[in-house]
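Have a look at this one:
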């Protein structure tokens, strides 16, 4: 790769065309084709805009760990292009490292000079303000490439009046999901969208009134992580846990946010328990994972708003929830960047047993598919 001073105008024009082509593929949700275009652009010129595009390409494919590692390189190698620092900080925060994200942003703001441009500095300030709010939401300039802070999605498939209510939990197989019962409209129709921007309409399949949870069926199955395990036993109170949700504002696609903490106690020796994990005030409905990274339940807002609740998968099973026994669905070819093996062979491979602890970045990577935005027309 070369610097711009050594690249001919014709090659720079070719690079610009490749970046435009890659962005168009991302808009359509085709991360694999986007990757090929961005990789070709990267071979022409070593530049921050190409690398930011590659980071977003990895995220659109659900590869958070790969995206985070490359974003760290971009932020460090291109100090004069602070869009990389903004994207890296956003990914750190989303993946459960808010303190690290804020420190990195502060350092980037100190390093930025007037020569880097007011608009670039304004982006860092805007990201810092969003992260400090506890409910980061990418809008306006934060949605512009190459450092776009959200996935793309097909908005044409959504009703114009659809707004985000909160979060939901995709179940193994990708055909059913759990969501708060209170959000079901009279029509029973909702729209669900994952952190890759993939969208599916859903209808009511089952109600668990005592738990305040609804099971809905997706018209188009969404990908479920092939190695994700479901907890067969409830985690001990006080053990490490992770809750994931979306900011319930507007209707734009977004990456979910992971919160770390310790799981709460059971209430009155019954199946209900406190969530225990501190989260900003707002809608719930997202997945909760134990220290081993196993999906253990769904987070709900308490009726009296004093403490969030955790409704466990084991409690829902006791109430009649049935989960598929087949291997979880693989990623669709449009999103997966893995070209070395077929999806059919991966589906037949039995998942490994969960480790005692799972890395937080792996839990977040899985949550990009498991945590869903819930949208209704009212």
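Residue numbers (our numbering): 347 to 724. Virtual Cβ for every residue (Gly too), placed ideally from N, Cα, C.
Residues sharing a beta bridge with residue i, DSSP
i, result
"residue 624", "Beta-bridge pairing links residue 624 to no other residue."
"residue 634", "589 and 643"
"residue 509", "722"
"residue 539", "545 and 719"
"residue 552", "561"
"residue 656", "619 and 645"
"residue 612", "619"
Pick from the options that is closest to residue i, judged by C-alpha positions
i, options, result
"residue 563", "551, 571, 435 and 620", "551"
"residue 575", "405, 457, 709 and 479", "709"
"residue 561", "668, 476 and 614", "668"
"residue 506", "543, 596 and 555", "596"
"residue 366", "381, 352 and 354", "381"
"residue 719", "645, 601, 664 and 573", "601"
"residue 547", "445, 520 and 712", "520"
"residue 593", "388, 497 and 482", "482"
"residue 443", "588, 635 and 656", "588"
"residue 717", "662, 670, 580 and 543", "543"
"residue 369", "549, 529, 393 and 398", "398"
"residue 549", "648, 555, 533 and 665", "533"
"residue 383", "538, 400 and 536", "400"
"residue 388", "512, 723 and 353", "353"
"residue 358", "647, 393, 403 and 496", "393"
"residue 663", "425, 614 and 524", "524"
"residue 417", "386, 455, 494 and 475", "494"
"residue 666", "623, 501, 555 and 406", "555"
"residue 504", "537, 475 and 486", "537"
"residue 363", "598, 614 and 396", "396"
"residue 422", "522, 371 and 457", "457"
"residue 522", "553, 502, 437 and 378", "553"
"residue 509", "598, 413 and 661", "598"
"residue 572", "715, 612, 360 and 623", "715"
"residue 585", "441, 566, 438 and 620", "620"
"residue 683", "413, 511, 361 and 390", "413"
"residue 334", "440, 403, 468 and 355", "The structure shown does not extend to residue 334, since the chain spans only 347 to 724, so no value can be given for it."
Whole-number beta carbon distance between residue j and residue i, since they are thought to touch under 8 Å
i, j, result
"residue 641", "residue 577", "6 Å"
"residue 432", "residue 489", "That belief does not hold up - the Cβ atoms of residue 432 and residue 489 are roughly 12 Å apart, past 8 Å."
"residue 526", "residue 558", "6 Å"
"residue 639", "residue 659", "Actually they do not touch by this definition, with Cβ atoms about 14 Å apart."
"residue 408", "residue 711", "7 Å"
"residue 590", "residue 713", "4 Å"
"residue 703", "residue 637", "5 Å"
"residue 632", "residue 515", "7 Å"
"residue 656", "residue 609", "7 Å"
"residue 518", "residue 570", "6 Å"
"residue 545", "residue 500", "6 Å"
"residue 449", "residue 707", "The pair is not a contact, with the Cβ atoms about 18 Å apart (cut-off 8 Å)."
"residue 654", "residue 645", "6 Å"
DSSP state of residue i mapped onto helix, strand, coil
i, result
"residue 687", "Below a pLDDT of 50, predicted positions are generally treated as unreliable, and residue 687, at 39, falls in that range; no measurement from the model is reported."
"residue 378", "helix"
"residue 559", "strand"
"residue 708", "helix"
"residue 336", "No statement about residue 336 is possible, as the shown extent of the chain runs from 347 to 724 and does not include it."
"residue 407", "coil"
"residue 531", "coil"
"residue 524", "strand"
"residue 503", "helix"
"residue 739", "There is no way to answer for residue 739, as the model of the chain reaches only from 347 to 724."
"residue 372", "helix"
"residue 361", "helix"
"residue 414", "helix"
"residue 514", "strand"
"residue 391", "coil"
"residue 713", "helix"
"residue 420", "helix"
"residue 668", "coil"
"residue 314", "Residue 314 lies beyond the range of the chain shown here (347 to 724); nothing can be said about it."
"residue 401", "helix"
"residue 629", "coil"
"residue 383", "helix"
"residue 662", "helix"
"residue 496", "coil"
"residue 594", "coil"
Below-7 Å beta-carbon distance, residue i vs any chain C residue
i, result
"residue 624", "No chain C appears in the structure shown, which is made up of a single protein chain."
Of all the beta strand (DSSP E) runs that stay within the bounds of the stretch 567-592, which reach a length of 3 or more residues? 586-591
What alpha helix (DSSP H) runs, 4 residues minimum, are completely inside the stretch 426-492? 429-440, 444-457 and 464-479
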